[in-house]
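Which chain is which? The protein sequence lines are A and B, in order.
Under numbering that gives the first Met the number 0, residues 0 to 197 are what the first sequence spells out, in order.
Under numbering that gives the first Met the number 0, residues 0 to 465 are what the second sequence spells out, in order.
The beta-carbon is built from N, C-alpha and C at its ideal position, and this holds for glycine as well.
Scroll down for the structure; my scribbles are underneath it.
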Amino acid sequence: MAYDKFDTLNSTAVPLPIENVDTDQIIPARFLKATERVGFGDNLFRDWRYNSDDSPKEDFVLNNATYSGKILVGGKNFGSGSSREHAAWAIYDYGFRCVVSSFFADIFRNNCLNIGVLPVQVSPEFLQQIFAAIEADPNSTFTVDLAQQKISIDSTSASEAFDINPYKKDNMTNGFDDIDYLLNIKKEIKNFAQDTPL
Amino acid sequence: MKKTLFDKVWDKHVVQQIDQGPDVLFIDRHMVHEVTSPVAFLGLKNRNIKVIYPERTFATADHNTPTINQHLPVQDPLSAKQLDALEKNATEHGISYWGLGHEKNGIVHVVGPEYGITVPGATIVCGDSHTSTHGAFGAIAFGIGTSEVEMVLSTQCILQPKPKKMRITINGELDKGVTPKDVALFIISQLTTSGATGHFVEYAGDVFKNMSMEGRMTVCNLSIEMGARGGMIAPDEKTFHYIKDREFTPKGAAWDKAMDYWQELYTDEDATFDKEFFFDGAEIEPMITFGTNPGMGMGISKSIPTADAIEGGAATYKKSLDYMGYNEGESMIGKDIDFVFIGSCTNGRIEDFRAFTEIVKGRKKADNVTAWLVPGSHKVEKAIKDEGLLDILQASGFELREPGCSACLAMNDDKVPQGKYAVSTSNRNFEGRQGPGSRTLLASPIMAAAAAVTGKVTDPRTLINS
Ligand code: SF4
């Protein structure tokens with residue numbers, strides 16, 4: 000699925016200082032029933048965001064107008080649990096382009112990279128600095144520079160480098176997906192398939 | 000060079016190494032279900048391409064299916080639409096399709112091994128994280144996202160950086176009442192839910208050697224709950240015996256050729272791992288979880304740890320206990336429960352139902368408990384009947400439902416109500432996993448059986464008929 004290219008993102012951020020945010024919280028299973036990829040943002044964090052009568056829960060951060068932006072900042076071990084790409088879709092569809100945490104679950108990280116959400120893993124200390132900056136001023140902005148692989152807190156100028164696989168970086172920068180790549184080497188794949196033992 | 004089991008299988012499947020990028024990995028078998036595939040098929044349609052190897056692709060309906068009255072039309076219109084989409088897509092692309100009511104229908108990770116789709120040394124993927132189950136046969140098996148489902152449908156390949164390697168060795172004897180589920184929950188409680196992130200795990204040692212294939216599947220199934228991409232166990236005689244003559248396993252000369260490859264599938268002596276753990280099997284007790292992730296588990300005789308004994312995240316820990324309605328330092332024994340669920344790709348196989356039945360035999364289901372007994376497949380369901388287990392279960396006041404994922408993820412009507420407690424043999428105790436506001440205690444089939452007949456959390460060892 001094609002997505003928008005990613006170069007530099009400058010935005011305020013939404014804090015979610017909770018550890019082990021799992022994919023069942025990001026999007027509960029009962030919202031996985033769609034046969035098309037539309038409307039998942041409405042159900043992002045559904046059970047933390049809405050009461051059972053669909054009224055918003057006041058104390059949840061997405062219902063708090065003070066916080067907004069294209070960056071979601073989560074606690075350690077973000078995205079654990081199921082392989083549902085719907086979790087990444089919901090985040091993208093809601094309007095986030097970047098998730099920051101001190102640790103990501105593997106499949107979730109992969110899914111994000113495949114659909115155009117940049118997972119930025121920072122040190123626990125830097126994560127605390129980000130949360131502190133938002134707490135001090137909810138309008139604090141952050142700059143995520145993919146080319147430089149750097150995230151900065153604009154108000155303090157503190158910054159930290161982050162890792163990304165060069166191939167994935169290239170994809171993100173150009174808005175390509177893996178299928179484009181694989182379709183180009185289809186001949187090689189077919190040759191390979193002839194010799195497999197199984 | 001000395002290689003691990005994982006290296007041997009992985010290296011055999013690399014079509015191309017992208018410079019500074021992931022490997023292009025060839026996928027032998029791809030399992031598809033109704034929830035994570037519709038958008039992938041839509042992608043194929045948009046690109047105007049067909050499934051490259053339909054004979055390597057298998058579709059079954061499980062996540063969204065009702066577990067009663069499967070012969071009637073599916074009530075929920077959205078579920079019905081997903082099931083229709085799967086059937087339509089499978090037919091259009093010429094893929095084996097085992098829909099509702101089909102004799103081979105069941106949970107992907109239960110039917111895969113039953114029909115020999117799962118074989119040693121294969122690469123197996125599915126859009127479900129518990130694909131790790133198939134690692135029990137010495138396959139590299141892992142869950143993928145929908146974009147990746149689309150990749151495999153269209154090219155039979157996936158782009159993956161090679162994960163790191165971890166080995167978990169457990170020697171020693173398991174105590175009475177300690178099942179493969181307890182071994183897995185024990186490991187996760189030691190490593191935490193992120194302890195194996197970035198790694199592929201090999202399980203080694205007597206405990207796994209002595210385990211049945213079903214038990215090995217339970218252990219590999221839960222690998223993902225400590226963050227691992229997957230888990231695997233070297234194939235042995237037990238493995239070969241299990242798969243021989245199943246519908247999709249190689250036959251004749253193809254079997255011999257495959258055997259040549261399979262015989263090599265073990266970790267060379269002196270091969271190295273990025274991380275190694277060793278545990279003593281004798282130290283493992285029947286396990287139960289008390290919190291909202293599978294790492295929050297403990298031996299049944301222990302008490303709920305205090306927040307200061309938990310590494311980091313005391314606030315998250317407190318929130319989790321609040322959700323469960325528990326306090327630090329409490330024992331789990333005697334806690335009230337409302338539901339019991341036996342089933343899922345973790346513990347929905349015949350051996351699990353045998354174990355459950357063994358405990359409830361001659362006892363009665365407690366009145367305060369609603370029990371859902373959901374076989375993992377029609378084949379399991381049939382075995383339950385053929386072996387006479389159903390008669391025993393019915394005499395004890397239990398009913399059997401029809402196969403599916405059911406309360407494992409509660410996409411169908413099998414939902415645990417707000418605030419209620421369920422002792423569940425499934426794999427996740429996340430908030431709301433079994434229905435909004437539900438509270439899940441993960442445990443083995445015999446712990447579930449003990450809860451079902453006593454109406455509360457009970458040490459199953461007290462009920463084992465010696
Ligand atoms: S039983 Fe649960 S974990 Fe297994 S395939 Fe179904 S939903 Fe996934």
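Proximity winner among the options, relative to residue i (alpha-carbon distances)
| i | options | result |
| --- | --- | --- |
| V13 of chain B | B:P444, B:T369, B:L173, B:L158 | B:L158 |
| I287 of chain B | B:V31, B:G115, B:Q16, B:A447 | B:A447 |
| Q127 of chain A | A:V143, A:S158, A:A64 | A:S158 |
| G134 of chain B | B:A233, B:E357, B:G226 | B:A233 |
| I242 of chain B | B:S437, B:I116, B:A451 | B:I116 |
| A213 of chain A | A:V119, A:Y180, A:D176 | This structure does not reach residue 213 of chain A, given that chain A is present from 0 up to 197, and the question cannot be answered. |
| P179 of chain B | B:D18, B:K161, B:Q19, B:E213 | B:E213 |
| V218 of chain B | B:D181, B:D273, B:S330, B:L173 | B:D181 |
| Y180 of chain A | B:G194, B:T196, B:F185, B:T154 | B:T154 |
| E229 of chain B | B:I169, B:T132, B:A89 | The displayed chain sequence assigns Gly, not Glu, to residue 229 of chain B. Out of B:I169, B:T132, B:A89, B:T132 has the C-alpha closest to the C-alpha of G229 of chain B. |
| T238 of chain B | B:M216, B:Q15, B:K256 | B:M216 |
| W9 of chain B | B:M0, B:P435, B:K334, B:I26 | B:I26 |
| L71 of chain B | B:L99, B:A394, B:E86 | B:L99 |
| E386 of chain B | B:K363, B:S405, B:E357, B:K414 | B:E357 |
| K455 of chain B | B:E33, B:F340, B:I336 | B:I336 |
| P293 of chain B | A:V143, A:S81, A:F175 | A:S81 |
| S101 of chain A | A:Y91, A:S10, A:I114, A:N76 | A:N76 |
Start-to-end residues for the beta strand (DSSP E) that takes in residue i
| i | result |
| --- | --- |
| Q16 of chain B | 13-16 |
| F57 of chain B | 56-59 |
| M231 of chain B | 229-231 |
| L71 of chain A | 70-73 |
| V143 of chain A | 141-144 |
| P118 of chain A | 117-120 |
| T249 of chain A | A query on residue 249 of chain A cannot be resolved here, the shown segment of chain A reaching from 0 to 197 and no further. |
| C219 of chain B | Looking at the DSSP string, C219 of chain B is not in any beta strand (DSSP E); the run it does join, the alpha helix (DSSP H), is 212-220. |
| N45 of chain B | From DSSP, N45 of chain B is part of no beta strand (DSSP E) but of the alpha helix (DSSP H) over 37-46. |
For residue i, the first and last residue of its enclosing alpha helix (DSSP H)
| i | result |
| --- | --- |
| T65 of chain A | No alpha helix (DSSP H) contains T65 of chain A, which DSSP labels as neither H nor E. |
| M331 of chain B | Premise fails: M331 of chain B is in no alpha helix (DSSP H) and is neither H nor E. |
| E124 of chain A | 123-135 |
| D385 of chain B | 377-385 |
| N109 of chain A | 105-114 |
| K318 of chain B | 313-323 |
| A354 of chain B | 349-359 |
| S193 of chain B | Note, S193 of chain B: premise wrong, no alpha helix (DSSP H); not H, not E. |
| E159 of chain A | Where E159 of chain A is concerned, there is no enclosing alpha helix (DSSP H), although the beta strand (DSSP E) it sits in stretches over 158-160. |
| A89 of chain A | 85-93 |
| F278 of chain B | Segment 274-279 is the beta strand (DSSP E) holding F278 of chain B; no alpha helix (DSSP H) there. |
| D205 of chain B | 205-208 |
Distance cut-off 7 Å: residue i Cβ against heavy atoms of the ligand SF4
| i | result |
| --- | --- |
| S79 of chain A | no |
| I106 of chain A | no |
| T78 of chain B | Looking at the sequence provided, one finds Ser at residue 78 of chain B rather than Thr. Incorrect: S78 of chain B has no Cβ contact closer than 7 Å to the ligand SF4. |
| I106 of chain B | yes |
| H240 of chain B | no |
| S425 of chain B | yes |
| L408 of chain B | yes |
| H129 of chain B | yes |
| D61 of chain B | yes |
| C344 of chain B | yes |
| C404 of chain B | yes |
8 Å Cβ cutoff, residue i in contact with chain C
| i | result |
| --- | --- |
| Q19 of chain B | Checking the listed chains, one finds no chain C in this structure; the protein chains it contains are A and B. |
When Cβ atoms are compared, which residues of the region 17-34 of chain A fall closer than 8 Å to chain B? Hits within the stretch, in order: I17, E18, N19, D21, D23, Q24, P27, A28, R29, L31, K32, A33, T34.
Residues of the region 116-150 of chain A in Cβ contact with chain B at a cutoff of 9 Å, in chain order, please. Against chain B - using a Cβ distance shorter than 9 Å - the residues of the region 116-150 of chain A are P123.
Of all the residues that make up the region 422-438 of chain B, which are near chain A by a beta-carbon distance shorter than 7 Å? Taking 7 Å as the Cβ-Cβ cut-off against chain A, the residues of the region 422-438 of chain B that qualify are R427, F429, E430, G431, R432, P435.
If the cut-off is 7 Å on Cβ atoms, which residues from the region 52-65 of chain A count as contacting chain B, listed in chain order? Taking a C-beta cut-off of 7 Å against chain B, none of the residues of the region 52-65 of chain A qualify.
Anything in the region 117-134 of chain B with a Cβ closer than 7 Å to a Cβ of chain A? List those residues in chain order, please. Going along the region 117-134 of chain B in chain order, one finds V118, G120, A121, G126, D127, S128 with a Cβ nearer than 7 Å to chain A.
Below 9 Å between beta carbons is the criterion; list the residues of the region 147-165 of chain B that meet it against any residue of chain A, in chain order. So the close ones are E147, V148, E149, M150, S153, T154, Q155, C156, I157, L158, Q159, P160, P162.
Name, going along the chain, the residues of the region 353-379 of chain B whose beta-carbon falls closer than 8 Å to a beta-carbon of chain A. Answer in chain order: no residues at all.
Taking Cβ-Cβ distances below 7 Å as the criterion, which residues of the region 73-94 of chain B are in contact with chain A? Taking 7 Å as the Cβ-Cβ cut-off against chain A, the residues of the region 73-94 of chain B that qualify are L77, S78, K80, Q81, A84.
If the cut-off is 7 Å on Cβ atoms, which residues from the region 102-116 of chain A count as contacting chain B, listed in chain order? Going along the region 102-116 of chain A in chain order, one finds F102, A104, D105, I106, N109, N110, N113, I114 with a Cβ nearer than 7 Å to chain B.
Taking beta-carbon pairs under 7 Å, can you tell me which members of the region 255-287 of chain B lie near chain A? Those would be K256, A257, Y260, in chain order.
Which residues of the region 189-218 of chain B have a Cβ closer than 7 Å to any Cβ of chain A? Give them in chain order. Residues of the region 189-218 of chain B with a C-beta less than 7 Å from any C-beta of chain A: T192, S193, T196, G197, listed in chain order.
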